[in-house]
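*Asks:* Numbering (this note's numbering), first residue to last: 7 to 222.
C-beta atoms are modelled at their ideal positions from N, C-alpha and C, and glycine is treated no differently.
The model shown is predicted, which means the values in this text are computed figures rather than measured ones.
Shown next as structure tokens:
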């Protein structure tokens, strides 16, 4: 909700990662901030209006971000998303830091303007066990950190590359980095760092955090 500079950047990044995205703004001219190739849905309306949110597909939303320029609008829409539609991951942009603790108690993650980036919002919206820690803007390659689903334990690291098409860079085990993984198997609580093209990140993320599909 909100197609300002931050909202447009956030929507664009999610769209580039392969997610289904809808962006809401009361001013249709705001959608001009989106890149020409944006494939998501553009919805004109008030961000905390239930009908507007329904039109944007809120019933099926995995996450919701309220990033307009007004604290009240952001919190109202965030509360509607969380309390009325039951969206599990909700984050709101807040300018007044005195309000942050109150909204945290409501289960709404907040991000203030001082530490604001679209990446900060993504950390709140995406599964807690995966995040993009580095992006090479020239090559569009992301370094993704993932705590693997338990079902991966006991399988060779080569299976990660076979299933996802991404490249394993290294693994953190018991706080120590391991770079030579040939003939090693995955252990529970391993934190794996993989490199993937930006347009692959969404698929890689969900493959690593879900049970391994066994071949029939």
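(1) In this structure, does DSSP put residue 75 in helix, strand or coil?
(2) Using 8 Å as the threshold, is the C-beta distance between residue 100 and residue 77 below it?
(3) Quick one: give me the first and last residue of the alpha helix (DSSP H) that residue 212 is part of.
(4) In terms of residue numbering, what span does the alpha helix (DSSP H) encompassing residue 11 cover?
(5) Are the Cβ atoms of residue 215 and residue 155 separated by less than 8 Å?
(6) Just tell me which of 139, 159 and 109 has its CA closest to the CA of residue 84.
(7) Measure the alpha-carbon distance for residue 74 versus residue 82 and round it to whole angstroms.
(8) Taking all protein chains shown into account, decide if residue 19 is buried (16 or more other Cβ within 10 angstroms of its Cβ) or exposed.
(9) Please state if the CB of residue 204 and the CB of residue 137 are separated by a distance shorter than 8 Å.
(10) So which of 164, 150 and 38 has the shortest CA-CA distance to residue 209?
(11) Between 38, 169 and 43, which lies nearest to residue 24 when the distance is taken from Cα to Cα?
(12) With a CB to CB cut of under 8 Å and the five nearest residues on each side skipped, what residues in its chain are close to residue 172?
(13) Would you identify the three-state DSSP class for residue 167, choosing helix, strand or coil?
(14) Judging by CA-CA distance, which residue of 61, 55 and 57 is the nearest neighbour of residue 27?
(15) Taking the alpha carbon of residue 116 as the reference point, which residue from 164, 70 and 153 has its own alpha carbon closest?
(16) Is it right to say residue 8 is buried, meaning 16 or more other beta carbons lie within 10 angstroms of its own, or is it exposed?
*Replies:* This is what the structure holds:
(1) Locating residue 75 in the chain shown gives position 69, counting from the first residue. Judged by DSSP in its simplified three-state form, residue 75 adopts coil rather than helix or strand.
(2) In the chain shown, residue 100 corresponds to position 94, counting from 1. In the chain shown, residue 77 corresponds to position 71, counting from 1. For residue 100 and residue 77, yes; Cβs fall inside 8 Å.
(3) Numbered from its first residue, the chain shown carries residue 212 at position 206. Unbroken alpha helix (DSSP H) run through residue 212: 207–214.
(4) Stepping through the chain shown from its first residue, residue 11 is reached at position 5. Bounds of the alpha helix (DSSP H) holding residue 11 are 11–22.
(5) In the chain shown, the residue the question calls residue 215 occupies position 209. In the chain shown, the residue the question calls residue 155 occupies position 149. Cβ distance < 8 Å, so residue 215 and residue 155 count as in contact.
(6) Position 78 of the chain shown holds residue 84. It is 109.
(7) For this step, residue 74 is matched to residue 68 along the chain shown. For this step, residue 82 is matched to residue 76 along the chain shown. When rounded, the distance between both Cα atoms is 11 Å.
(8) What you label residue 19 is simply residue 13 of the chain shown in a count that begins at 1. Counting Cβ neighbours within 10 Å, residue 19 comes out buried, since at least 16 surround it.
(9) Stepping through the chain shown from its first residue, residue 137 is reached at position 131. Stepping through the chain shown from its first residue, residue 204 is reached at position 198. With a cutoff of 8 Å on beta-carbon distance, residue 137 and residue 204 are scored as not near each other.
(10) Residue mapping note: residue 209 aligns to position 203 of the chain shown, counting from 1. When C-alpha distances from residue 209 are compared across 164, 150 and 38, the shortest belongs to 150.
(11) Working through the chain shown from its first residue, we reach residue 24 at position 18. The residue with the shortest Cα to Cα distance from residue 24 is 43.
(12) Working through the chain shown from its first residue, we reach residue 172 at position 166. Excluding residues within five positions, the ones whose Cβ falls inside 8 Å are 150, 166, 200, 201, 202, 206 and 210.
(13) Counting from 1 along the chain shown, the entry for residue 167 is found at position 161. The answer is helix: DSSP assigns residue 167 an H, G or I state.
(14) If you number the chain shown from 1, residue 27 lands on position 21. Of the residues 61, 55 and 57, the one whose Cα lies closest to the Cα of residue 27 is 61.
(15) On the chain shown, position 110 is the one that residue 116 refers to. Ranking 164, 70 and 153 by CA distance to the CA of residue 116 puts 70 first.
(16) Counting from one through the chain shown, the residue named residue 8 turns up at place 2. That one is buried.
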